[in-house]
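In this note's numbering, the protein residues as written are 1307 to 1642.
Cβ atoms here follow ideal geometry from the backbone N, Cα and C, with glycine treated the same way.
These numbers come from a predicted model, not from an experiment.
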């Protein structure tokens, strides 16, 4: 900061460059954690300062511009993100959820406005306008994020008009004829695909990661791009023909939605899901899941059985280790 000040720049710009430099060091997280109480304290003072500099004499003049700018930020920013996410290959729901996180002006905008006022480039009225827009957009975006799931159904039809890049509904000649469906390929999907091939039954892999879809297409694996939480997409899948559904998605809410939907379409379908804790696993069973995979439980049980079987035989453990390393190396080659 001192060096930049001597070069004719402001102390604030020097502090920003210093922070960027520190972010490149291995100690960035530790420094950030230690400075957090100090940062929070000065943020409070900064907002108090901004509030004290607001001009209320002509507040009626600022209301209309503040509303227009706030609406532009609250609506315009998410719209831009939705369009960009669509061009990158993501579904409109994913783009909408991501867009809501940027529906406000940042603290840095307020800092720049305060800096402009301090050097005389901005008037008090403009500073008050920026501060007012900041308050409205920060509060508004907070509620948007909290109630995003409830808001989405109301704007879903509007978002369809923002889809500049239309996605194909199927890949492959027989994409709609399958008895097995796998939701999520990125984690342990390779093992399930190998198992499906051994069954010699038609199957489909669903994923909403464009890179995973590209990999599936390269391997000529039947696939569909889609969000497992999107009920409209699930309707298009034709789940009434599914005999086995496997979800490797770790999100509890998504698995609940899938389990309910599949069981509603076909009561005797086998549904396998993944859970990270006992409470969620019991809830999935309650909703009708046939089997819930708990990685920690299965891993611990396998390791304990291995100890019981091998005992204290070092050479046998080394053999298991070599097998595991060989498996991991094969997985890394298959995945990447």
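Residues that residue i bridges to, as DSSP identifies them
i, result
"residue 1583", "Paired residues: none, contrary to the question."
"residue 1530", "1512"
"residue 1562", "Bridge partners of residue 1562: none, in fact."
"residue 1553", "1489"
Helix, strand or coil at residue i [DSSP, three-state]
i, result
"residue 1321", "helix"
"residue 1595", "coil"
"residue 1315", "coil"
"residue 1494", "coil"
"residue 1576", "strand"
"residue 1619", "coil"
"residue 1411", "coil"
"residue 1332", "coil"
"residue 1548", "coil"
"residue 1624", "helix"
"residue 1346", "helix"
"residue 1307", "coil"
"residue 1326", "helix"
"residue 1470", "coil"
"residue 1541", "helix"
"residue 1449", "helix"
"residue 1397", "coil"
"residue 1506", "coil"
"residue 1429", "coil"
"residue 1483", "coil"
"residue 1462", "helix"
"residue 1520", "helix"
"residue 1391", "helix"
"residue 1612", "helix"
"residue 1535", "coil"
"residue 1403", "helix"
Residue-level contact to chain C via CB, residue i, 8 Å cutoff
i, result
"residue 1520", "Any reference to chain C falls outside this structure, which holds one protein chain only."
Residue burial classification, residue i (beta-carbon count within 10 angstroms, cutoff 16)
i, result
"residue 1401", "buried"
"residue 1624", "exposed"
"residue 1636", "exposed"
"residue 1551", "buried"
"residue 1582", "exposed"
"residue 1495", "buried"
"residue 1648", "With the chain running from 1307 to 1642 in the structure shown, residue 1648 is simply not present."
"residue 1614", "exposed"
"residue 1334", "exposed"
"residue 1396", "buried"
"residue 1575", "buried"
"residue 1403", "buried"
"residue 1354", "exposed"
"residue 1502", "buried"
"residue 1475", "A caution first: residue 1475 carries a pLDDT of 46, below 50, which makes its placement in the model unreliable, though a value can still be read off. Classification of residue 1475: exposed, given that the 10 Å Cβ count is below 16."
"residue 1343", "exposed"
"residue 1383", "buried"
"residue 1548", "buried"
"residue 1372", "buried"
"residue 1434", "buried"
"residue 1465", "buried"
"residue 1314", "exposed"
Rounded Cβ spacing between residue i and residue j (contact assumed at less than 8 Å)
i, j, result
"residue 1491", "residue 1528", "Not really, about 11 Å apart at Cβ, beyond 8 Å."
"residue 1405", "residue 1379", "About 12 Å separates the two Cβ atoms, so there is no contact after all."
"residue 1597", "residue 1578", "5 Å"
"residue 1415", "residue 1440", "7 Å"
"residue 1392", "residue 1469", "5 Å"
"residue 1609", "residue 1600", "Rounded, the Cβ-Cβ distance is 14 Å, inconsistent with contact."
"residue 1569", "residue 1594", "4 Å"
"residue 1564", "residue 1553", "5 Å"
"residue 1534", "residue 1489", "5 Å"
"residue 1399", "residue 1449", "With a Cβ gap of about 19 Å, residue 1399 and residue 1449 do not count as contacting."
"residue 1572", "residue 1546", "5 Å"
"residue 1521", "residue 1561", "The pair is not a contact, with the Cβ atoms about 23 Å apart (cut-off 8 Å)."
"residue 1431", "residue 1368", "7 Å"
Spatial neighbours of residue i in its chain, beta-carbon cut-off 7 Å, leaving aside the 5 residues before and after
i, result
"residue 1519", "1513, 1529, 1531"
"residue 1622", "1616"
"residue 1493", "1554"
"residue 1337", "1328"
"residue 1556", "1580, 1582"
Cutoff 8 Å; reference residue i; Cβ partners in own chain excluding five residues on either side
i, result
"residue 1648", "What the structure shows of the chain is the stretch from 1307 to 1642, and residue 1648 is not part of that stretch, so it cannot be assessed."
"residue 1310", "1316, 1317, 1319, 1320, 1323"
"residue 1417", "1318, 1352"
Nonlocal neighbours in the same chain, by C-beta distance under 6 Å from residue i, ignoring five residues either side
i, result
"residue 1410", "1443, 1444, 1447"
"residue 1540", "1567"
"residue 1436", "1419"
"residue 1376", "1439, 1442, 1443"
"residue 1381", "none"
"residue 1357", "none"
"residue 1558", "1586"
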